[in-house]
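Working notes for the structure below.
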Amino acid sequence: MKNFILSLLLLSVGIFALPAQSQKTLYDFKVKDIDGKTFKMASLKGKKVLIVNVASKCGLTPQYKELQELYDSYKNDNFTIVAFPANNFKEQEPGSNQQIKEFCTANYGVTFPLMEKISVKGEDQAPIYAWLTQKALNGKVDQEVTWNFQKYLIDEKGRLVDVVMPSESPKSQKIIDFIVGK
């Protein structure tokens, strides 16, 4: 009996001594860019990142202009934008990856990283968006994507910091303060 109790005690101490499962970060994900090439999010280590789901036929599509202006202003300050085209809301991104790329370049001069079209919600939700939207995965907040141009702020260590709703300008004070560290 004494050995049994000692074994249980050692087992329980061993269980509690196991290292805690660490939360995933942005850097754990690999995605495809708009040209179909693998893009390792780990390549963004040390940068603040704004992730945004975009669409070409949405009332908020003019935010592309503000996103590009934001990128131009801060791209040399360890900041980047990563855009994911998605057709989840009223089929407002019906085009192919090539059509999306051409649209963004011709109409808004987009130079920030564009990824391939994905699903940002539902049964076919991309893994990176599951992480962005579920507190159990990101350790910060549950926040489903409500519409096109929802923004997720990621710190230099790849952790989700905050969510900015679609109608808020990419150049809002909240986003600027995040970038400059206020």
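Numbering (the numbering used here) for the sequence shown: 939 to 1120. The C-beta atom is built at its ideal place from N, Cα and C for all residues, glycine as well.
Thinking just about the alpha-carbon of each residue, which of 1080, 1026, 1045 and 977 is nearest to the one in residue 1057? 1026 is the residue among 1080, 1026, 1045 and 977 whose C-alpha sits nearest the C-alpha of residue 1057.
Is DSSP giving residue 954 helix, strand or coil here? Because the pLDDT at residue 954 is just 46, under 50, the model does not fix this residue reliably, and the point stays unresolved.
Taking the straight line between their C-alpha atoms, what separation do you get for residue 1071 and residue 1044? Their Cα atoms are separated by approximately 31 Å.
Backbone CA spacing between residue 1108 and residue 1023 [nearest angstrom]: Whole-angstrom Cα-Cα distance: 16 Å.
Hey, residue 1087 and residue 1030: beta-carbon distance below 8 Å or not? No. Outside cutoff.
Using only the alpha-carbon positions, how far apart do residue 1095 and residue 991 sit? If I take the Cα positions, the gap works out to 21 Å.
Grouping DSSP H, G and I as helix and E and B as strand, with all else coil, what is residue 1075? The answer is helix: DSSP assigns residue 1075 an H, G or I state.
Please name the residue, chosen from 999, 1037 and 967, that lies closest to residue 973 on a Cα-to-Cα basis. Here the closest residue by C-alpha is 1037.
Cross-strand partners of residue 1021 (DSSP beta bridge): Paired residues: 990 and 1052.
Measure from the alpha carbon of residue 971 to the alpha carbon of each residue in 1021, 1015 and 993, then state which is nearest. Ranking 1021, 1015 and 993 by Cα distance to residue 971 puts 1021 first.
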